[in-house]
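See below for the structure under consideration.
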Amino acid sequence: METKQKVKELDHVLHEILEQVHPEQSVQALNLLEKIATNICNNPAEQKFKTIKTTNKALSQKLFNVDPLFHDAVKLLGFEFDLANDQYTLPDSKIGILLGEINTIRDYRDMAHAQNTGDEKELEKCKTLRKERIELEKQQRELRLDQLKIQEQLEADQKERKYMKKGVGSKANQLKFGANIKTAEQCGIKVSKGG
1 METKQKVKEL DHVLHEILEQ VHPEQSVQAL NLLEKIATNI CNNPAEQKFK
51 TIKTTNKALS QKLFNVDPLF HDAVKLLGFE FDLANDQYTL PDSKIGILLG
101 EINTIRDYRD MAHAQNTGDE KELEKCKTLR KERIELEKQQ RELRLDQLKI
151 QEQLEADQKE RKYMKKGVGS KANQLKFGAN IKTAEQCGIK VSKGG
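In full-length UniProt numbering, the protein residues as written are 1 to 195.
The structure is reproduced here in structure tokens:
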């Protein structure tokens, strides 16, 4: 549930960036943010990619000094700020948040690019794509929740069956009537073995 809330907040922050920041600066900053995210996704074990130093001149100029909202966006992507080292670090436990939001960053970058070029048709196309992606993600979340509920129910059923009495043989197989046929040997008649 926390991830769903962060997605909504990230969507809101990136939308605010589009509204408040000059489109050219937004494109540069979102390109940089997307590059950072892609590097982490391609090399999740590399610690150097999971660290963003706010003292880095290029990062300061193109990302952090553009608007304080970019600090919020970085935090919502799962990064934690280390005040002692003046840097953001992405813990391994939060890589999933970043992975799930690369398309969000790309969508808003494309919208910023369309704003920057003044292409209204492309901007509307990007907004429509974003809405469709949000709806698809919502459907996927609901499907995963349904699958989890089914899985939990199956596990509960298995536990319940584990404590049930073992079944007794079927009553239908125990016939109490009909021909009670015995062999000649069972009746005490000696049968010759041929000879």
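Beta carbons are placed, not taken as given, at the ideal position from N, Cα and C, and that holds for glycine.
For the 8 Å CB-CB criterion, R109 and N31 form a contact.
Secondary structure note for Y108: its alpha helix (DSSP H) is the uninterrupted segment I95 to T117. A residue is called buried when at least 16 other Cβ atoms come within 10 angstroms of its Cβ; K50 meets this threshold and is buried.
Nearest C-alpha to Y88 among I105, G100 and F70: F70. Boundaries for Q47: no beta strand (DSSP E) harbours it, and the DSSP string shows neither H nor E there. For P91, the closest C-alpha among the options I102, E9, I134 and G78 is that of G78. Secondary structure of Q140 (DSSP, three-state): helix. With fewer than 16 other CB atoms across the displayed protein chains lying within 10 angstroms of its CB, E120 is exposed. When the five nearest sequence neighbours on each side are left out, no beta carbon in the same chain lies closer than 6 Å to the beta carbon of L136. Look at the beta carbons and you see the segment 90–105 not touching the segment 54–64: under three pairs across the two are nearer than 8 Å. In the structure shown, E155 adopts helical secondary structure according to DSSP, grouped into three states.
Classified as exposed, S192 has fewer than 16 neighbouring CB atoms from the shown chains inside 10 Å of its CB.
Using a Cβ distance threshold of 8 Å, L33 and A73 count as a contacting pair.
By the C-beta density criterion, E24 is exposed, having fewer than 16 other C-beta atoms within 10 angstroms. Among the bridge pairs identified by DSSP, Y88 is matched with I52 and F81.
For the pair T55 and D86, the CB atoms are nearer than the 8 Å cut-off. A distance below 7 Å between beta-carbons, with the five flanking residues on each side excluded, links L76 to the following residues of its chain, in chain order: K6, E9, L10 and V13.
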